[in-house]
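Novice: Sharing a structure, written as structure tokens. Questions coming.
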Amino acid sequence: MAARNTNGNMPNAHLHELFVDELKDILGAERQLLKGLKKLATTAQNQKLQQAFETHYEQTEGHIDRLKSVFSTLGMTPRGKKCKAMEGLLKEAEEIADEFEDSPEVLDAALIAAAQKVEHYEIASYGCLVTYARLMEHTEAEELLATTLAEEKDTDVLLTTIAMKEANTGQVA
Ligand code: FE
Ligand code: FE
2 MAARNTNGNM PNAHLHELFV DELKDILGAE RQLLKGLKKL ATTAQNQKLQ
52 QAFETHYEQT EGHIDRLKSV FSTLGMTPRG KKCKAMEGLL KEAEEIADEF
102 EDSPEVLDAA LIAAAQKVEH YEIASYGCLV TYARLMEHTE AEELLATTLA
152 EEKDTDVLLT TIAMKEANTG QVA
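One gets the working numbering by counting positions in the sequence shown from 1 and adding 1 to each.
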């Protein structure tokens, strides 16, 4: 079933172009995010937060690999395009980090807010992609995308935990 892709036999073929377009957008977004996560990790004060950003950097490399595999299951060469939303989210992250650079007790809270906005964007994108893959019966692609979606959700939860336990309480550890 996974082999059926660009031909007219698959169910919900009208979604195919949108699916590919969204795949290109999120591939671009993940690549842009790599740079952003590096910056977030070096700016974070709290050690656990730093670690969370470093771990998510590694996971993001995995997300890129998985997206490449998704393109392969469709018989396509992986191609990303610039994601304007991610560009904006990362610009805002930089802005807010600059604004609070002299207030270490609130800087991490600002970084977490910025990072969670990124995660929520990714969760929305992967959520839609999983749905499209399921509707078109691209089973292999669906599994790959669902694995990444779960990691994005875990990261979001981890950031909330760090915020609640320490970063937003002003403890610099
Ligand atoms: Fe990701
Ligand atoms: Fe992410």
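Where is the CB? At the ideal position from N, CA and C, for every residue including glycine. What you are looking at is a predicted structure, and each value in this text was computed from that prediction instead of being measured.
#1: Check whether the Cβ of E123 sits closer than 6 Å to any heavy atom of ligand 2, and report yes or no.
#2: Assign R67 to buried or exposed, taking buried as 16 or more other Cβ atoms, counted over all protein chains shown, within 10 Å of its Cβ.
#3: Which whole runs of the alpha helix (DSSP H) in the segment 33 to 108 are 4 residues long or more, in chain order?
#4: Apply the 10 Å Cβ neighbour rule to T156 and answer buried if 16 or more other Cβ atoms are within range, or exposed otherwise.
#5: Taking a contact to mean a Cβ-Cβ separation below 7 Å, would you say G81 touches R32 in this structure?
#6: Within a Cβ cutoff of 8 Å, which residues of the same chain sit near I124, ignoring the five residues on either side of it in sequence?
#7: With distances taken from CA atoms, which of K166, M87 and E143 is nearest K36?
#8: Using 6 Å as the cut-off, classify the Cβ of E23 as near or not near the heavy atoms of ligand 2, replying yes or no.
#9: Determine the extent of the alpha helix (DSSP H) in which L179 is found, giving its start and end residues.
#10: Is Q62 near ligand 1, judged by its Cβ being under 6 Å from some heavy atom?
#11: Between the segment 92 to 110 and the segment 133 to 146, can you find at least three pairs of beta-carbon atoms closer than 8 Å?
Specialist: Taking the structure as given:
#1: On the sequence shown, residue 123 is found 122 positions in, with the first residue counted as 1. Remark: the shortest separation between the CB of E123 and any heavy atom of ligand 2 falls under 6 Å.
#2: For the purposes of this step, residue 67 is taken as the residue at position 66 of the sequence shown. When all chains shown are included, R67 counts as buried.
#3: Fully enclosed alpha helix (DSSP H) runs of 4 or longer: 48 to 74 and 85 to 100.
#4: Here residue 156 is taken as the residue at index 155 of the sequence shown, counted from 1. Counting other Cβ atoms within 10 Å of its Cβ, T156 reaches 16 or more and is therefore classed as buried.
#5: Position 80 of the sequence shown, counting from 1, holds the residue named residue 81. Position 31 of the sequence shown, counting from 1, holds the residue named residue 32. Going by C-beta atoms, G81 is nearer than 7 Å to R32.
#6: Along the sequence shown, one-based indexing puts residue 124 at 123. These residues qualify, in order along the chain: L150, E153, K154 and D157.
#7: Taking the sequence shown and counting its residues from 1, one reaches residue 36 at position 35. The shortest C-alpha separation from K36 is found at M87.
#8: Position 22 of the sequence shown, counting from 1, holds the residue named residue 23. Residue side-chain check: E23 keeps its Cβ at 6 Å or more from all non-hydrogen atoms of ligand 2.
#9: This structure leaves residue 179 out entirely; the chain is present only between 2 and 174.
#10: On the sequence shown, position 61 is the one that residue 62 refers to. What sits at residue 62 in the sequence shown is Glu, not Gln. No - ligand 1 has no heavy atom lying nearer than 6 Å to the Cβ of E62.
#11: Here the segment 133 to 146 makes no contact with the segment 92 to 110; the two share fewer than three CB pairs at distances below 8 Å.
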